[in-house]
Structure formats: C-alpha cells, structure tokens
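Asks: Numbering (the working numbering), first residue to last: 304 to 755.
Built from N, CA and C at the ideal position, the CB exists for glycine as well.
I'd like to ask some things about the structure below.
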Ligand code: ADP
Ligand code: MG
C-alpha cells in the first residue's frame, strides 16, 4: 500500500492540475515539504474499501496500527465514532470518520450547524475523546496508551487552538496572554518568553498593542492575539473552530491572510468555517453532513448540490480503478452512469475518419458521461485512463443522478452550462465532413432532464 501511494504521488505531483476547477486556489506546499498524496488522494488509504463508513470500521482492530508507515500525514483519523448519551438515549454525532490531512495543508471544514464539526475538532485536539476509532496526530496515537494529563501536555507542545470567541484572559495584557502557553508547557527559557511573545505579536501585526488589555483592542485584533498565543510554542498544527465567525469581513480576510502566510511557512491549518468566501482560499474543503464526510471528488465536481444529496452520492457511488490507457467509455457505448474522476486523469478522445483526436483531459473532481445521461443515448466521445497512472473513478447510477439534479435546479443549470461548453468544444474539433453526423443540431443543447 505504501509503495503504491508513493508511486501515485510522484506522477501526480508532476501532472498539471486541470484549470477549470482550481484556478483560484492558493499554491500548495512544494513537493519536498508536501504530504505524500494529493487532494484527491487524501483518502488513498481507504482504497478498496466501500464508502459506506457506517458498516466498515474495524475499530477494535486498530490498536496496533503502524503509525510509521505514513509519516507525512499530520492528521489521520480512522473510523472515529462519537456517541453522546442523554435522557432521550444515545445520539451518534460522528459516524465513522476516516480522514487524512497532510503536513503543510490548509484545510477548511464546513457543514450545517449541528453536523459534528466542533465535535470532530475536539477529537483531533484531544479535548474530548472518541467512543471508537483511532486518531493519529503528528505521528502520535493520542487516545491509545496516553492518559489525560499526558495528552494535555502533548497538546500544549504540539497544537495551537483558535476559538470563535478568542478566549483571551481579560485581566492579562496581550503580551501576558501570549506568554501563558509557554509557561504552561514550560517551553523556551523563562527569560526568553517575553521576547518570544513580542515576536509572535509582531508576526500578527500587534507589536504596538502588546501592553493593552484585550478589551482595549478590536475583535479582529483580539483574534490575531489569540493566533499569536496559539503560535507561542511553535506547534506544527493549528486547529481553528470558526475563527472568523465573530469578525467583520475585513478582519476575517486579514485572519485568513495570516493563515495563508503561516501555511506558506510550513504550518498545517485545519479550520471550521461557515463562510464560503474563505473555503475558496484553502487547499481542500471538507464537508461534513450529519456526522459523515462527503467524498471530496463529489463535492468538488458538483458543488451546487445540497449536502444531503452529496452524502447520498457518497454512499451510493461505486469505486472503480482503471489501469493506464484502459478504455472507460467506448465511442457509441451506451452510458448508464455518471463518472467522477477521483484520482488520476482521463483523456476524452474523438475518432474522426479513423484518426484519434484528444478533446480534453479531465482530472480529479471532474465528471464525464453527463451529456449522454442528460440527452439520452450513446457516448459521443470515448474516454480512457491517461497513460501516466491508474485512474480511480466513482460511478453513479443514471436514475439516481437524474432524480438528484431534478431536485437541485441550480445543479441542473450549472450542468447545462458545462454541457453547452463541452459540446461547443466538441463541435470546434469536428471535421466538416463528420459534423452533421455527430451533432444533432446547431442550436443550444437540450438540457431537459429525462425521466428515469
Ligand atoms: P457543529 O459544530 O457542526 O455545529 P457540534 O459538533 O457542536 O456541531 O454538535 C453536533 C451535535 O452533537 C449537536 O446535535 C449537539 O447538540 C451534539 N452535542 C455536542 N456536544 C454534545 C455534548 N457534550 N453532549 C451532548 N450532545 C452534544
Ligand atoms: Mg461548532
């Protein structure tokens, strides 16, 4: 498994990321400092397992998981389940979370209120403990063979935590607030702590406010001070729960700028947010719906869908792996599924007078087959795995796909535009002699959703 991950990664790192979907994303960590997987391969260790997380977690067998096998993950959660009990009975808040986050990644987590975001962060930070499953943070299994006080010391040295309401101590100056974690974790020489706290405040632009009390600065500055405090012990990982939730948009932007700077210097940041304008600035966006993770290829490819539809697709999709060069859809083949590329790349080809011509290459988070599903009928082009590496795709049944887009008019509209663009590209590539045969008419494509 490890070898396979490494091999896939090398090919992937060198490959161009398709422009259509990630144009606005910040550049990701350099290959040398990057995790040994890419966006779409984040769940590579799950390869071969079904996506139905409920039924598939051998949580009791995880005690001896070899943590050294994947040293480049900053966070690895395995089958994390969290159940709360109250008078009404048991309530499963996290239903088996499998997630890997690489060193140097900037990752956002979104989800409706009550979906389990804070609970998941509390599992990652060791503030609360899971009912089942394994959590490896920075190579340390933080729940097996580790007691509460040990975990608390580990947290102090290895994690920076940022909260929505800052949680600065009101009677202490900003400088004193930033010194606290160093005192608590007994990091840095006693004499050096004030200087280091000043440097941290300077890093977040607060050098002039160091001797002020929290109430004397703006909320944006309070959050910046809380970030300086989180950085005091130089942790490799920052975890933030709605860090901009209490800020105006300008202050929120400044905090995200700061996070991006920290990420560019090598920190890993995991941030829960409600704000879609912030998720576009992270490397990866993870959606949690009702205690379960949505497949990232699905949320990237069909971002307009409601979370419940994405979750349904996550559960119903089948994973299929194709070898390099293998045909996925033949020209003229009947199409029964929507295909979403999860890792690797596919070439969309056209046969023209016996000659093959490449129309497009699609990568992770892009789909194909939708033209045939929407218009009915056979493939208008052929699709095969690129020569460089295997392709992992999700396939999703036609009837379910048509029902879901019928229930989501904005997805239907977005799909219509993509179909239109693709048909135009297709047409532009068409030689004169074959044009009339391949394209039904010259007008805009028909995006009526067929029944069934
Ligand atoms: P989010 O951060 O996504 O809004 P949370 O993780 O805070 O959601 O909560 C998820 C669900 O778990 C909610 O329904 C919440 O009421 C419940 N929950 C959270 N913490 C506790 C607790 N300590 N005891 C009981 N239920 C809890
Ligand atoms: Mg929350």
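1. Taking only heavy atoms of the ligand MG into account, decide whether any of them is closer than 7 Å to the Cβ of residue 420.
2. Straight-line CA distance for residue 594 to residue 406?
3. For the ligand MG, is there any heavy atom lying closer than 7 Å to the beta carbon of residue 544?
4. If I follow the unbroken beta strand (DSSP E) through residue 640, where does it start and stop?
5. Answer with buried or exposed for residue 695, where buried requires no fewer than 16 other C-beta atoms within 10 angstroms of its C-beta.
6. Run through DSSP, which three-state label would residue 437 get?
7. Given the structure, does residue 468 come close to the ligand ADP, in the sense that its CB is under 7 Å from one of the ligand's heavy atoms?
8. Buried or exposed: where does residue 710 fall if 16 or more other Cβ atoms within 10 Å of its Cβ makes it buried?
9. In chain order, what residues of the same chain lie with their CB nearer than 8 Å to the CB of residue 476, ignoring the 5 residues before and after it?
10. On the DSSP letters alone, give me the boundaries of the alpha helix (DSSP H) that residue 727 sits inside.
11. Assess, as a yes-or-no matter, whether the region 565-573 is touched by the region 592-611 under the definition of 3 or more beta carbon pairs within less than 8 Å.
12. Taking a contact to mean a Cβ-Cβ separation below 8 Å, would you say residue 547 touches residue 530 in this structure?
13. On the DSSP bridge assignment, give the partners of residue 621 in chain order.
14. Output the boundary residues of the beta strand (DSSP E) element that contains residue 376.
15. Comparing C-alpha positions only, which one of 485, 508, 655 sits nearest to residue 564?
16. So residue 523 is in the alpha helix (DSSP H); what residue range does that whole segment cover?
17. Since I believe residue 458 is in contact with residue 428 (beta carbons under 8 Å), could you give me their beta-carbon distance rounded to a whole number of angstroms?
18. Please state whether the Cβ-Cβ distance between residue 412 and residue 377 is less than 8 Å.
19. Using the C-alpha atoms, what's the distance from residue 729 back to residue 719?
20. Could you please give the first and the last residue of the uninterrupted beta strand (DSSP E) stretch that includes residue 394?
21. For the structure I just gave you, are there three or more beta carbon pairs, one from the region 533-543 and one from the region 480-497, closer than 8 Å?
22. Measure the C-alpha to C-alpha separation of residue 393 and residue 384 and round it to an integer number of angstroms.
23. If residue 674 sits next to residue 726, beta carbons under 8 Å apart, how far is it from one beta carbon to the other, in whole angstroms?
24. Report the three-state DSSP secondary structure of residue 615 (helix, strand or coil).
25. Verify the contact flag: residue 399, CB atom, against every heavy atom of the ligand ADP, threshold strictly below 7 Å.
Replies: On the basis of the data shown:
1. Here residue 420 corresponds to residue number 117 of the chain shown, with the count starting at 1. Checking every heavy atom of the ligand MG against the Cβ of residue 420, one is found closer than 7 Å.
2. On the chain shown, position 291 is the one that residue 594 refers to. On the chain shown, position 103 is the one that residue 406 refers to. Taking the straight line from one Cα to the other gives about 24 Å.
3. For the purposes of this step, residue 544 is identified with residue 241 of the chain shown, where counting begins at 1. Yes, Cβ of residue 544 sits closer than 7 Å to a heavy atom of the ligand MG.
4. Position 337 of the chain shown, counting from 1, holds the residue named residue 640. Counting along the chain, the beta strand (DSSP E) containing residue 640 begins and ends at 640-646.
5. The residue you call residue 695 lines up with position 392 of the chain shown. The residue in question, residue 695, is buried, as its Cβ has 16 or more Cβ neighbours within 10 Å.
6. On the chain shown, residue 437 is found 134 positions in, with the first residue counted as 1. Here residue 437 sits in strand by DSSP.
7. Locating residue 468 in the chain shown gives position 165, where the first residue counts as 1. No, the ligand ADP has no heavy atom inside 7 Å of this Cβ.
8. Taking the first residue of the chain shown as position 1, residue 710 is located at position 407. By the neighbour-count rule (16 or more Cβ atoms within 10 Å), residue 710 is not buried but exposed.
9. Along the chain shown, one-based indexing puts residue 476 at 173. Closer than 8 Å at Cβ, skipping near neighbours: 513, 514, 515, 516.
10. As a first step, residue 727 must be located in the chain shown, where it is residue number 424. Unbroken alpha helix (DSSP H) run through residue 727: 712-732.
11. The region 592-611, when compared against the region 565-573, does not touch it at the 8 Å Cβ threshold.
12. For the purposes of this step, residue 547 is taken as the residue at position 244 of the chain shown. For the purposes of this step, residue 530 is taken as the residue at position 227 of the chain shown. It is not a contact, given that the beta carbons lie outside the stated cut-off.
13. Taking the first residue of the chain shown as 1, we reach residue 621 at position 318. Paired residue(s): 698.
14. Residue mapping note: residue 376 aligns to position 73 of the chain shown, counting from 1. Looking at the DSSP string, the run of the beta strand (DSSP E) that includes residue 376 is 376-389.
15. For the purposes of this step, residue 564 is taken as the residue at position 261 of the chain shown. When only C-alpha atoms are compared, the closest one is 508.
16. As a first step, residue 523 is located in the chain shown; it is residue number 220 there, counting from the start. Residue 523 -> alpha helix (DSSP H) spans 522-534.
17. As a first step, residue 428 is located in the chain shown; it is residue number 125 there, counting from the start. As a first step, residue 458 is located in the chain shown; it is residue number 155 there, counting from the start. The pair is a contact, with the Cβ atoms about 6 Å apart (cut-off 8 Å).
18. For the purposes of this step, residue 412 is identified with residue 109 of the chain shown, where counting begins at 1. For the purposes of this step, residue 377 is identified with residue 74 of the chain shown, where counting begins at 1. Going by C-beta atoms, residue 412 is not nearer than 8 Å to residue 377.
19. For the purposes of this step, residue 719 is taken as the residue at position 416 of the chain shown. For the purposes of this step, residue 729 is taken as the residue at position 426 of the chain shown. Cα-Cα distance, rounded: 15 Å.
20. To locate residue 394, count along the chain shown from 1; it is residue 91. Element bounds for residue 394: 392-405.
21. yes
22. In the chain shown, residue 393 corresponds to position 90, counting from 1. In the chain shown, residue 384 corresponds to position 81, counting from 1. Taking the straight line joining both Cα atoms gives about 12 Å.
23. Position 371 of the chain shown, counted from the first residue, corresponds to residue 674. Position 423 of the chain shown, counted from the first residue, corresponds to residue 726. Rounded, the Cβ-Cβ distance is 7 Å, consistent with contact.
24. Counting from one through the chain shown, the residue named residue 615 turns up at place 312. Of the three classes helix, strand and coil, the one that applies to residue 615 here is helix, per DSSP.
25. For this step, residue 399 is matched to residue 96 along the chain shown. Residue 399 Cβ: outside cutoff for every heavy atom of the ligand ADP.
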